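Q: Just so you know, the protein sequences line up as chains A and B, in that order.
The first sequence begins at 1453 in the numbering used here and counts up by one.
The second sequence begins at 1453 in the numbering used here and counts up by one.
To start, I am sharing the structure in question, which I have written as C-alpha cells.
Number of protein chains: 2
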Amino acid sequence: MRTRVTIRDVAKKAGVSISTVSRVLSPQANDYMREETRGKVLGAIKELDYRPDIRAQSLRGRGTRIVGLVMPDALNPFYQELAYVLEEVCYREKYGLLVCSSKNSITRELTYIDLLESQKVDGIIISTVGLKEIKLNNLVKKGIPIILMDRDVPGANIPVMFTNNYLGGCQATQHLIDLGHKKIACIAGSMNTLSSINRLKGYTDTLQKNGLEVDKKLIKEGKLIYKDGYKLMKELARKSSDGFTALFCLNDLVALGAMRAIQEDGKNIPSDYSIVGFDNISLSSVSNPPLTTIAQPIKQIAQGAFRTIKRWKKQGLLKKEHRFWDTKLIVRKSCKEIN
Amino acid sequence: MRTRVTIRDVAKKAGVSISTVSRVLSPQANDYMREETRGKVLGAIKELDYRPDIRAQSLRGRGTRIVGLVMPDALNPFYQELAYVLEEVCYREKYGLLVCSSKNSITRELTYIDLLESQKVDGIIISTVGLKEIKLNNLVKKGIPIILMDRDVPGANIPVMFTNNYLGGCQATQHLIDLGHKKIACIAGSMNTLSSINRLKGYTDTLQKNGLEVDKKLIKEGKLIYKDGYKLMKELARKSSDGFTALFCLNDLVALGAMRAIQEDGKNIPSDYSIVGFDNISLSSVSNPPLTTIAQPIKQIAQGAFRTIKRWKKQGLLKKEHRFWDTKLIVRKSCKEIN
DNA sequence: ACGATATCTGATATCGTTATTATATTATGC
DNA sequence: GCATAATATAATAACGATATCAGATATCGT
C-alpha cells in the first residue's frame, strides 16, 4: 500500500521546494513564477495524482469547504428536495454538504451541532427544533456562521431565510375562492411552528377579506404527515353536513393523504372536492389527479443561505438579515370551478 | 467576536500543559492521571465550551470522522432511504455523512471523488455510474477505503455490498404464480445494470421453473422512473389481447406509475391486475392500494458498508469482500388470487 | 535513608499545508 | 560595471491537535 501523497512528494518529484508547489496550488498576490517551474510542478501533481489536503489547508485559516445542513425530518420530501438543491449549490462551488437529520429531537440536534462544530464546518444551515438564543450566539462568537430556515429564534442575531408562508396561504385560499368555493376546509399542522401559523393566517385572512366566514369546525390540526392527512380528512368527511367543497392542506403530504381518504370513500377529485396543497414536492405532479399546490422558493432559500455564509465568512456579519421569498401558485388538476 | 477556543486556552484556564489536556481528551494506554487534574481540565473544557478540532486531530493520524456517500440519483426514494439509514449508522458512531449525488454523470462522479479525496474522508460508499478499475485501485493505494454498492467493477479489489436481486425477482414472481397467475408481465429497467439484469433473470427463471412460458412481448424496458412505468403500462394495456393478469415492476416508482395508468383506464387493482414492485420505498405503503413489494436489505447494506470501512481502516483490507443480503417479500394489497 | 519503581505531568516534534520573510538570480538604468 | 529594482525560489514559523520522550513527584522495600 503506497502511502499518502503529500505536497512534499510533489516538491521532490518536481525538484522544487514545497513553497513553490504551494504557490502553484494557491497563488498569492504579487507572486511571480516561471512558466517552466509551474509546468514542472503541475506535471508532478498530475503524475502523482496529488490532491491537497483540505484539513491542512483549513488549519492555516482557509475554510473547510464543508457546510452542514440540519433538518428536522429527512423523510419529508420537502426537506429532501431542499437538501437536493442545496447540494447542487454546494457542488458548483466545490463545497461538501454534510447532512444531519435531527428527527425532531433536541438532543439529536445538539449532538449534530457539536459534531459540526468539531468538524469546523464553514457554516450551518438549520431548520431548528429547539436551539436557544444563547447557544446560537455562542456559535456565532466562535466564528461559525449559522443560518436559520423557516424559524426565527428571538433575541439571536442570526440571519433567517423565510418562505412567505402567509402569502402562500393567501394564494391557495384565493385560488379556491376565485373558483367559486364558499366553504373551504383546512388541514393544518400543529400550531407550534411559525410556518404553520402563517399559512393558516393567510387562509383565515383571505376568507375574511372575501367576506367569507371562518368556520372552526372546518379546521383540523395534526402533524404534517401523510397519515394525519388521511385521518383528518376522514374526520371531516364524517360530518359531511358541513358541506365544504374545497380543502386547503398545509402541505402536500397531508393533501395526498386526504386525497387517498376521499377516493377511498368513492368520491372524486376535483368533482366532489377541490384540493390545494403546499410545498410542490415532486410527488405532487404525479399524483392522481396532479395536485394544485403552492411552490416554496427552495432554490432561493438554498442560494440565499449559502451566499450569506460565504459573505459572512469574508466580511463578517453585517446586520440582522431576514429574508423573505415569495411562494407561487402551481395550478394542476385537483381544483374545479363551481357555482 | 471572541476568537476560537483551542486546546491552549483550555490548558491555560486549567493551569496545566496542553499535553495534559490532550490526555484527558484522548487517553492512551498506560496513561495515569490524578482525578483532581482531570477534573480541572474537564471544568475548563466545559467553561470554555471547547470542542477539539477534528481537522487537527486527523492530521495526526486519526480519521476525519467523515464518510462520503455517492449516489446516482438523489431524487430516487430508494437512495433517499438508503442515505437515511446510513446517516443513522454514522450518527451513532459520531461520524458525519457527506452526501453527493452524481446525477448519473461520470464527470460529476469524478468531481465528487476528487472532493472526497481532498477532504480525506475515512471512506467512500458509492453506487457508481462509471468508475473504472484503475481509478478505484488508485484510491485504495492512497489509503481511502471505498465500498461499492449494487455494482461490481471487474478487476478492482474492492468490497461490494449486494442486494440479492435475483432472489428478489424470484420471490416476486413466485408470489404471483402462487396466487394462480399464469400470464405475468414485467416492466424492466434498461438492461445495463447488474441489478436490473438479475431481477429480470429471477423473473424468467421462476416462470420457467414453474413451467410457464416467457413471453418477450410481456417484457417492457425503460428507465426505472415513474413516468416510464406509466408509459409502458399504457403500451402493455393497449395490446390487451395478450391478456396478462399480473405485473412485476422492477421498482416501486415504476409500479406506482403503472398503477396510475391502470386506474386511469378505469381498471382496478388488484381485481384486474395484480402488481408487485421492488424496493419497498415508504411511498409504497401509502399508495392506493398499498403495494406488495420486495424489500431491499438497506439496513444491512448501510451497516455492512460502514463496518467494512472501519475494519479496513483498522486492519487493512483483508480479502475481496463480496456480500449478498437477501430481499424479503412484503405482502400488501396489490395482489389477488385468481384461478 | 536510599535506590527502584510506579504514578503523574510537561516539552517537543510532527501531521500537511500556507504566509511571511529571506535569499538568490536576472534585468534595467545611467 | 555597479547600484537598484524586478523576478523567482527557498527556509521557516505557524495552524491545533497527539505521541513520544523525558522529567518530576510519590510510594515502597530493605
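Backbone N, C-alpha and C fix where the C-beta goes; we use that ideal spot for every residue, glycine too.
It should be emphasised that the depicted structure is a prediction, and the values quoted were computed from it without experimental measurement.
1) What are the uninterrupted segments assigned as beta strand (DSSP E) that are 3 or more residues long and contained completely in the segment 1569–1625 of chain B, given in chain order?
2) Starting from the C-beta of residue 1453 of chain B, find all residues in its chain whose C-beta is less than 7 Å away, skip the five residues before and the five after it, and write them out in chain order.
3) Which residues of chain B have a Cβ atom closer than 8 Å to the Cβ of residue 1456 of chain A, listed in chain order?
4) Hey, which unbroken runs of the beta strand (DSSP E) at 3 residues or more fall wholly within the segment 1480–1528 of chain B?
5) Go to residue 1735 of chain A, then tell me how far its beta strand (DSSP E) extends in each direction, as first and last residue.
6) Is residue 1700 of chain A near residue 1625 of chain A, with beta carbons less than 7 Å apart?
7) Anything in the segment 1484–1495 of chain B with a Cβ closer than 8 Å to a Cβ of chain A? List those residues in chain order, please.
8) For the beta strand (DSSP E) that residue 1548 of chain A lies in, which residues bound it at each end?
9) Can you pull out the residues from the segment 1540–1569 of chain B whose beta carbon lies closer than 7 Å to at least one beta carbon of chain A?
10) To the nearest angstrom, how far is it from the Cα of residue 1736 of chain B to the Cα of residue 1513 of chain B?
11) Check whether the Cβ of residue 1505 of chain B lies closer than 7 Å to any Cβ atom in chain A.
12) Check whether the Cβ atoms of residue 1600 of chain A and residue 1612 of chain A sit closer than 7 Å, and answer yes or no.
13) Residue range of the beta strand (DSSP E) that residue 1780 of chain B falls in?
14) Should residue 1484 of chain A go down as buried or exposed, given a rule of 16 or more other Cβ atoms within 10 Å for buried?
15) Contact criterion: CB-CB distance below 7 Å. Does residue 1712 of chain B meet it with respect to chain A?
16) Please report the straight-line C-alpha distance between residue 1751 of chain A and residue 1521 of chain B, rounded to a whole angstrom.
17) Around the Cβ of residue 1771 of chain B, are there at least 16 other Cβ atoms within 10 angstroms (buried) or fewer (exposed)?
18) Grab me the residues of residue 1489 of chain B's own chain with a C-beta within less than 7 Å of its C-beta, minus the 5 sequence neighbours each way, in chain order.
19) Where does residue 1727 of chain B fall in DSSP's three states?
20) Taking all protein chains shown into account, do 16 or more other C-beta atoms lie within 10 angstroms of the C-beta of residue 1747 of chain B, making it buried, or fewer, making it exposed?
21) Looking only at its chain, what residues have a beta carbon closer than 6 Å to the beta carbon of residue 1575 of chain B, apart from the 5 residues adjacent to it on each side?
22) Since residue 1501 of chain B meets chain A, which of its residues come closer than 7 Å, beta carbon to beta carbon?
23) Do you know whose CA, among B:1459, B:1560, B:1568 and B:1524, lies nearest residue 1502 of chain A's CA?
24) Here's the rule I'm using: 16 or more other beta-carbon atoms within 10 Å means buried, otherwise exposed. How should residue 1787 of chain B be labelled?
25) Taking residue 1507 of chain A as the reference, give the member of B:1573, B:1561 and B:1562 with the closest Cα.
26) Kindly list, in the order they appear in chain A, the residues whose Cβ is closer than 9 Å to that of residue 1740 of chain B.
27) Output, in chain order, the set of chain A residues within a Cβ distance shorter than 7 Å of residue 1734 of chain B.
28) Do residue 1654 of chain A and residue 1681 of chain A count as a contact pair if the criterion is CB distance below 7 Å?
29) Looking at the C-beta of residue 1498 of chain A, does it have a partner C-beta in chain B at a distance below 7 Å?
30) Return no unless some Cβ of chain B is closer than 7 Å to the Cβ of residue 1726 of chain A.
31) With 16 as the cutoff for other CB atoms within 10 Å, does residue 1783 of chain A come out buried or exposed?
32) So is residue 1531 of chain B in contact with chain A if we call contact Cβ pairs under 7 Å?
33) For residue 1687 of chain B, name the three-state secondary structure that DSSP assigns.
34) Residues in the same chain with beta-carbon distance under 6 Å from residue 1604 of chain A, minus the five sequence neighbours each way, listed in chain order, please.
35) Apart from the five residues on each side of it in sequence, which residues of its chain come closer than 7 Å, Cβ to Cβ, to residue 1789 of chain B?
A: On the basis of the supplied data:
1) 1575–1578, 1598–1601 and 1612–1615
2) With a pLDDT of only 48 at residue 1453 of chain B, under 50, the local geometry of the prediction cannot be trusted, and the value read off the model is given with reservation. Contacts found: none.
3) 1594 and 1595
4) 1518–1523
5) First-last for residue 1735 of chain A: undefined, no H or E at that position.
6) yes
7) none
8) 1548–1553
9) 1546, 1548, 1549, 1550, 1551, 1553, 1566, 1567 and 1569
10) 45 Å
11) yes
12) yes
13) 1780–1782
14) exposed
15) yes
16) 23 Å
17) exposed
18) 1468 and 1472
19) strand
20) buried
21) 1519, 1597 and 1761
22) 1590
23) B:1568
24) buried
25) B:1573
26) 1711, 1712, 1715, 1716 and 1740
27) 1527
28) no
29) no
30) no
31) exposed
32) no
33) helix
34) 1612
35) 1631 and 1632
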